[in-house]
Each structure stands twice: as C-alpha cells, then as structure tokens.
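Only one structure is covered here, and it is reproduced in the block below.
There are 2 protein chains.
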Amino acid sequence: MAGRPSTRKGQGAERPGESEIIFRYFAPLASAPGARGLIDDAASLVVPAGRELVLTVDAVIEGVHFPQGEGAGAVARKALRVNLSDLAAKGAEPVGYLVMLALPDDWTPAWLTAFVAALAADQAAFGLSLYGGDTVRTPGPLAVSITAFGHVAEGRMVERGAARPGDSVFVSGSIGDAALGLKLRQDPNAAGRWGLSEDEAAFLLERYSCPRPRLELGDALVSCASAAMDVSDGLVGDLEKMCRAAGLVAHVESDRVPLCEPARKAIAAEPELLATILTGGDDYEILAAVSEPKRSLFAEKAARAGIAVAEIGSFSSGAPGVSVAGPDGKPMSFARTSHAHF
Amino acid sequence: MAGRPSTRKGQGAERPGESEIIFRYFAPLASAPGARGLIDDAASLVVPAGRELVLTVDAVIEGVHFPQGEGAGAVARKALRVNLSDLAAKGAEPVGYLVMLALPDDWTPAWLTAFVAALAADQAAFGLSLYGGDTVRTPGPLAVSITAFGHVAEGRMVERGAARPGDSVFVSGSIGDAALGLKLRQDPNAAGRWGLSEDEAAFLLERYSCPRPRLELGDALVSCASAAMDVSDGLVGDLEKMCRAAGLVAHVESDRVPLCEPARKAIAAEPELLATILTGGDDYEILAAVSEPKRSLFAEKAARAGIAVAEIGSFSSGAPGVSVAGPDGKPMSFARTSHAHF
C-alpha cells in the first residue's frame with residue numbers, strides 16, 4: 000500500500016494521491032504491530048494458541064446499501080459494523096479489518112477525514128486495528144468493502160446450521176427498529192402519524208443508520224447456543240435460512256418478538272407495520288438456537304453482558320420454513336420474508 | 000451469505016438472485032471445510048502451529064485497472080493474482096481468499112460462469128479455497144475486491160523495509176513485458192514497428208492480462224532475503240518505495256535488468272521504450288534485497304524453484320532514492336517512476 004506522498008488537482012481543491020491518503024489518513028488506524036503502519040505489501044497476525052480465525056466480508060455501495068449523500072461517518076460505521084455483526088453471531092472476538100475504499104471523482108478531504116474519524120472511534124470502541132487496505136478511484140458510486148476477522152476457541156465457532164429439534168429460538172435486542180427508521184427517512188410525516196416524540200423518531204433513525212453489533216453475546220453464544228446468525232435481511236427471512244440450513248421448521252409467536260416502545264406506538268397506529276417489522280432488514284440483532292437445558296444459562300449470561308434476549312419460539316422437525324402466529328393466533332403470511340439489496 | 004435460491008428478470012433473460020449466485024456459482028469454490036460451503040455468516044481457519052497469518056487486499060475496477068469489456072476470465076485472474084503476488088513477496092504460502100463482486104445491472108450468467116471457471120482453475124493451480132464473499136449490485140462499473148491470506152513461519156514474513164547497506168537488488172522474471180503488452184493493446188500496429196512475431200506479441204499481451212505470482216520463490220525469500228516487495232507499479236518506483244522504507248539508496252544498471260526477447264526487439268526499434276519498461280506497471284515480479292553471504296544460496300534456491308532471478312544493483316547508505324545507470328552509463332531520468340491508477 001505504500002508509496003510517495005503526492006498531491007493532485009481535483010474539483011478545484013488540492014487533493015492527496017493514493018500514497019498520501021494511506022500515510023495521512025489510514026496509517027494512524029494501523030495500531031497493531033502486524034499491520035506494519037500500512038507500509039508493507041501485506042500484514043501479519045499471530046492467532047493465539049487454541050483459537051481459530053473467523054473471517055467475513057461485506058460491502059456497501061452508495062445508492063444500494065445506503066442512501067446517496069449519507070454522511071461519511073455513517074458510511075464508515077455501517078460498513079464496519081455489518082461485518083462485526085457477523086463475527087458476533089459466530090461468538091468470535093474481533094481483532095481487525097481490511098478496507099477497500101472506492102472513491103468517486105468528487106471526493107473531498109473533508110469527507111475522508113470524517114470517514115477515518117468514524118473508523119478510529121469504532122476501532123477504539125470495539126478493540127480493533129486496521130490491518131490493510133486498498134484505496135481506488137471509481138467512475139461509479141462510492142463503495143466500501145470490509146473484511147473483518149477475529150478468533151474463537153478452536154472448533155467452537157457457532158454455526159448457522161446446527162439448530163436441533165426442541166431448541167428455543169432466541170433473539171437479541173428489539174426487532175424492526177431499523178426498518179421503521181428507514182420508513183421515517185423516506186416519509187418524515189410518519190413520525191406524526193405514529194405519535195412518536197422527537198426522541199423516539201431519532202432512536203429509530205439511529206437504529207437504521209448505526210448498527211450495534213452484539214459482540215457482548217460472544218460468551219453466551221459459545222457456551223450455550225446450538226446455532227446462531229445475525230439478523231440483517233429481516234427476522235422471518237433470516238430465521239428461514241437457519242431452518243433450511245438445519246432442515247427444521249421454526250414456530251414463532253409474533254407477540255413474543257421484542258419491540259421497542261416507538262415500534263409499539265407505530266403498530267398501534269398502523270397495524271400493518273407488524274409485517275414490516277418482522278421482515279424488514281438491517282436489525283443486526285442475533286438469532287440463536289438454544290437447547291432446553293441451556294436456556295436459563297443463556298439468558299443469565301446475556302443479562303450479565305447487558306444484552307436483552309427474548310425467547311420467541313422453537314425449532315422442530317418438519318419441512319424447513321418458518322410459521323409465525325400473528326396477534327390473533329392465526330398464521331401470518333408475508334408478501335416477502337426478507338429484504339434483498341441485490 | 001446464504002439464502003433461498005431465487006431468480007429475477009433482467010435484460011430480457013432470467014437471471015439468478017444473490018442466494019442462487021452463491022449456491023450455483025460460488026459454493027463449489029468453497030472447498031476448505033472452514034469455508035462451510037458458504038452457507039454460514041463467516042468462515043473459520045486453523046492456522047498451523049508455528050505459522051502466522053499473512054493478509055492482503057486489492058481491488059480492480061473496470062475502466063480503471065482493466066479495460067472496459069475485458070473478458071471475465073482475465074478479470075478473475077487479475078483480481079486474484081495481484082493479491083497472490085503480494086503474498087509471494089512476503090514469502091507466504093497462500094491458503095484462501097474472500098471475494099467481493101460488484102455486478103453492474105447488465106451482467107449475464109455467461110459472464111459469471113466464465114468468471115467462476117477462471118477462479119476455479121486458479122484455485123487448483125495455486126492450492127486455494129474460497130472462504131467467503133459478498134455479491135452486490137452496483138449502478139457503477141464492475142468491481143472485484145479480493146482479500147487473500149496465507150501463512151509463513153512465525154516472525155519470518157519478509158518485510159518491505161528491512162534492506163541493509165551492501166545488499167544486492169535482485170529481481171525475478173523479466174521486466175516491462177506487461178507495460179509493452181498494454182501498449183500493444185492500445186496500438187496494434189506497434190507489433191509491426193517492433194518487428195515482433197505473432198507469438199512474441201501474444202506473449203507480451205498475455206503478460207499484461209495474466210500476472211504470474213512468483214509463489215515458487217517463497218522458500219528462497221524466507222531463507223535468504225533481507226527484504227522484498229512485488230513490482231506492481233513499475234520497477235523504479237517500487238524500488239524507490241523499498242529504499243524509502245529502509246532509508247537507503249539503490250543503484251541499478253539498466254543493462255542488468257532482465258528483459259525478454261520481444262522487449263529487446265522493441266527497444267532496438269524504439270530505444271525510448273526502455274523508460275516504459277523500467278517504470279511501467281503490472282510486472283508482478285519480485286524485488287528482493289539479499290545480503291552478500293546469501294547471494295549464491297538465493298540464486299540457487301530460485302533456480303531450483305524454476306524462477307529466473309537477476310542481480311541488477313545494490314543498496315547503500317544515502318538519501319533514499321533510486322539511481323539508474325542507462326545503457327551509456329549515465330544516470331537516467333524519468334518523467335515519472337511508476338504508474339498510478341488513482
């Protein structure tokens with residue numbers, strides 16, 4: 000990644016070239032010794048004895064995964080945290096990440112400063128180092144692809160497909176907040192119709208723009224979960240994926256799905272929003288399968304970690320799929336069970 | 000990455016959705032057990048005892064790093080091999096990779112089939128497995144970002160900045176082929192002017208479109224090199240980077256820079272091409288600093304690995320930089336010392 004600092008003219012302002020971008024903006028994020036200050040071709044990492052590496056990659060594209068004109072900090076946080084959420088679901092302890100940043104021609108140093116500041120704050124919050132990257136020019140939209148890695152006790156990565164019949168379905172936090180937050184962005188009048196205070200609307204908007212990877216659940220998941228995944232494309236659709244991977248059916252009661260107070264108000268005003276909540280994306284909560292003997296220990300460890308978890312149903316043998324009992328006890332049907340960006 | 004197979008209409012043809020793309024195209028590449036057939040949120044990897052992980056990321060964008068309309072196989076090979084070249088320069092043994100593929104709206108199943116087939120062939124050739132990925136839609140140009148990883152004996156990653164005064168400068172293979180190949184693509188008449196046979200022109204074109212990561216040099220580098228990097232942006236510019244990282248000056252004799260026969264013919268016809276050869280990009284050869292006592296062992300190990308290496312100069316104390324003696328023995332000057340895509 001290294002090179003000679005240089006500048007070039009662009010958009011009427013003096014802007015740094017690739018080498019200068021690395022030295023000035025990204026090198027300060029490379030805090031781990033193995034990252035070598037980003038002056039080498041590659042980084043190195045010693046994985047502690049008895050641990051195995053866990054790796055994931057996710058990209059976000061302007062106009063596809065986040066709205067055009069989204070703030071630099073929000074882009075950085077979303078790009079990093081969606082990856083950390085995957086590590087969280089596997090019970091892994093995060094260590095670092097590599098970032099590919101494709102900058103459109105109209106990028107500004109101020110934008111890059113804010114992007115890097117948000118990464119720096121998240122690194123500090125989550126105990127990470129940057130380990131490498133590639134900054135490229137694109138004639139297309141802004142794109143950020145992050146590879147995140149961490150480790151877990153050898154052989155103990157929590158798998159998606161290992162739920163067993165009789166396991167309970169647990170979910171962390173509250174569901175649907177981000178989907179409602181996205182609706183608020185698209186229709187600011189909705190806050191009035193739903194009877195939300197300013198703080199309540201702000202909470203939902205924040206839940207959309209700033210995922211909170213549930214890394215605190217690592218110990219609870221590794222100790223107690225048969226299987227887990229993160230909820231990124233919608234609760235019902237993602238639970239369907241867990242079911243297909245395990246060859247099981249899940250029965251869920253919508254009344255037991257944890258909702259925040261603003262979401263309850265929104266449903267009271269517009270009951271059809273329940274489907275949005277159950278199938279909208281961007282929750283970044285954790286779905287876990289937990290066997291009967293481990294239910295109370297799981298809840299206890301989660302509570303000790305400061306993360307609310309709710310038991311919303313159970314897995315059983317049957318044709319893979321999800322059945323959701325609505326507020327009236329009857330099976331709900333959905334136009335679609337998850338949100339797809341592709 | 001998992002999900003329900005689905006299809007959607009596009010460009011008049013039935014095309015698979017993201018989940019189907021993963022299952023049908025990418026899952027067969029996930030040969031390592033830790034890749035879990037790409038049905039999980041993340042992959043796992045046990046790094047062998049006594050080894051440390053080596054990680055790198057590089058992206059290629061259509062119209063920036065490769066010409067518009069480049070064949071799918073060439074895109075796949077370039078995206079993967081530029082990363083393997085970084086691992087090669089560090090003496091690392093490659094293990095696997097993750098791929099972020101941003102597909103423009105007009106993608107076709109035939110394109111994706113050819114892209115995946117090229118990755119499959121390279122995996123077999125280099126002993127790799129796919130460990131994960133993300134396929135996203137983009138309103139912009141085709142983009143591929145690959146994170147490659149491997150391992151090296153703990154503490155033995157060959158660094159870029161550790162050259163010492165008195166070390167020789169070695170370079171592998173032949174230099175400038177890719178830069179001449181790019182010229183041939185842009186100006187097909189050049190082959191005639193340079194007096195190249197069809198085979199010779201094809202050789203240069205292939206050297207541009209298909210990097211050959213010098214992974215065979217791993218043992219020679221780890222055993223004998225003080226420092227190394229891959230030549231991706233031009234020999235002189237990349238050697239400058241090595242010099243700055245070490246705080247040394249390098250003296251190089253242009254007559255000792257290894258050239259292939261077609262390149263010799265091109266220079267004979269147009270002597271000014273020597274500068275193109277010394278500063279053009281995409282060589283993907285290895286620059287190494289080797290101390291006096293290890294020179295013959297390095298050359299011997301390289302020969303045994305089937306890779307030609309040439310001693311082209313030496314490092315010494317002085318203001319960081321590179322001085323190149325031209326064919327007349329006088330210092331050459333260059334309009335620019337490397338090729339920058341940014």
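Top to bottom, those sequences are chains C and X.
Be aware that the first sequence starts at 0, since it is given in numbering that gives the first Met the number 0, and climbs by one per residue.
Be aware that the second sequence starts at 0, since it is given in numbering that gives the first Met the number 0, and climbs by one per residue.
Backbone N, C-alpha and C define an ideal beta-carbon position, used for all residues, glycine too.
Nonlocal neighbours in the same chain, by C-beta distance under 7 angstroms from residue i, ignoring five residues either side
| i | result |
| --- | --- |
| X:Ala219 | Phe297, Lys300, Ala301, Ala304 |
| C:Leu203 | Asp176, Leu179, Gly180, Leu183, Pro261 |
| X:Ile60 | Pro140, Ala142 |
| X:Glu215 | Ala304, Gly305, Ile306 |
| C:Leu52 | Val46, Phe148, His150 |
| X:Gly11 | Interpretation of X:Gly11 is limited by its pLDDT of 42, a score under 50 that renders its predicted location unreliable; the figure taken from the coordinates is listed afterwards. Answer for X:Gly11: no residue qualifies. |
| C:Pro326 | Ser253, Asp254 |
| X:Ala31 | Gly95, Ser128, Tyr130 |
Cross-strand partners of residue i (DSSP beta bridge)
| i | result |
| --- | --- |
| C:Ser379 | Lying outside 0 to 341, the shown extent of chain C, residue 379 of chain C is not represented and no answer is given. |
| X:Arg136 | X:Leu102 |
| X:Ser18 | X:Ser18 pairs with nothing; no bridge assigned. |
| C:Met228 | C:Leu286 |
| C:Phe25 | None, per the DSSP bridge assignment. |
| C:Leu44 | X:Leu52 |
| C:Tyr96 | C:Leu129, C:Ala147 |
| C:Glu61 | C:Phe65 |
Proximity of residue i and residue j at Cβ, strictly below 8 angstroms
| i | j | result |
| --- | --- | --- |
| X:Thr275 | X:Ala178 | yes |
| X:Thr55 | X:Leu79 | no |
| X:Gly392 | X:Glu291 | No answer is possible for residue 392 of chain X: it lies beyond the span of chain X, which begins at 0 and ends at 341. |
| X:Lys89 | C:Ala41 | yes |
| C:Ala244 | C:Arg163 | no |
| C:Val170 | C:Ala288 | no |
| C:Val63 | X:Thr137 | yes |
| C:Ser231 | C:Asp186 | no |
| C:Pro27 | C:Pro108 | no |
| C:Val248 | C:Gly320 | yes |
| X:Val98 | X:Gly126 | no |
| X:Gly172 | X:Arg213 | yes |
| C:Leu286 | C:Ala227 | yes |
| X:Met156 | X:Ala75 | no |
| C:Val251 | C:Val135 | no |
Local conformation of residue i per DSSP, three classes
| i | result |
| --- | --- |
| C:Gly9 | Residue placement at C:Gly9 cannot be trusted, given a pLDDT of 42 that sits under 50; what the coordinates show is reported in the next sentence. Strand, per DSSP. |
| X:Asp121 | helix |
| C:Arg50 | strand |
| X:Ser128 | strand |
| C:Thr107 | coil |
| X:Phe314 | strand |
| C:Glu69 | coil |
| C:Thr55 | strand |
| X:Lys329 | coil |
| X:Gly149 | strand |
| C:Val256 | coil |
| C:Pro212 | coil |
| X:Val143 | strand |
| X:Ala31 | coil |
| C:Ala309 | strand |
| C:Glu157 | Before going on, a small fix: residue 157 of chain C reads as Val here, not Glu. Three-state DSSP puts C:Val157 in coil, outside helix and strand. |
| C:Pro4 | Legend: pLDDT at C:Pro4 = 36, less than 50; position of this residue unreliable, value from coordinates given subsequently. If DSSP states are grouped into helix, strand and coil, C:Pro4 belongs with coil. |
| C:Ala91 | coil |
| X:Thr336 | coil |
| X:Phe341 | coil |
| C:Leu220 | helix |
| C:Ser196 | coil |
Residues near residue i by beta carbon distance below 6 angstroms, same chain, minus five either side
| i | result |
| --- | --- |
| C:Ala71 | Trp110, Ala113, Phe114 |
| C:Gly82 | First, the amino acid is wrong: residue 82 of chain C is Asn here, not Gly. The answer, listed in chain order, is Thr55, Asp57, Ile145, Ala147. |
| X:Leu234 | Ile174, Leu277 |
| X:Met0 | Model confidence at X:Met0 stands at a pLDDT of 38, short of 50, so the residue's coordinates are unreliable and nothing is read from them. |
| C:Gly49 | Glu153 |
| X:Ala189 | Lys182, Leu183 |
| X:Cys223 | Val289, Lys293, Leu296, Phe297 |
Contacting residues, own chain, Cβ-Cβ under 8 angstroms from residue i (five flanking each side not counted)
| i | result |
| --- | --- |
| C:Arg263 | none |
| X:Ala73 | Phe65, Ala117, Ser208, Cys209 |
| C:Gln122 | Leu28, Ser30, Ser128, Leu129 |
Residue-chain proximity (residue i, chain A), Cβ-Cβ < 8 angstroms
| i | result |
| --- | --- |
| C:Asp282 | Absence of chain A from the displayed structure is noted, the protein chains being C and X. |
- Within the stretch 161-190 of chain X, note down every full beta strand (DSSP E) run reaching 3 residues or more, in order along the chain. Inside the stretch 161-190 of chain X, DSSP marks whole beta strand (DSSP E) runs of 3 or more residues at positions 167-171, from first to last along the chain.
- Message: My parser needs the beta strand (DSSP E) runs of 3 or more residues fully inside the stretch 262-297 of chain X; what are they?
- Response: Within the stretch 262-297 of chain X, the complete beta strand (DSSP E) runs of at least 3 residues fall at 284-289.
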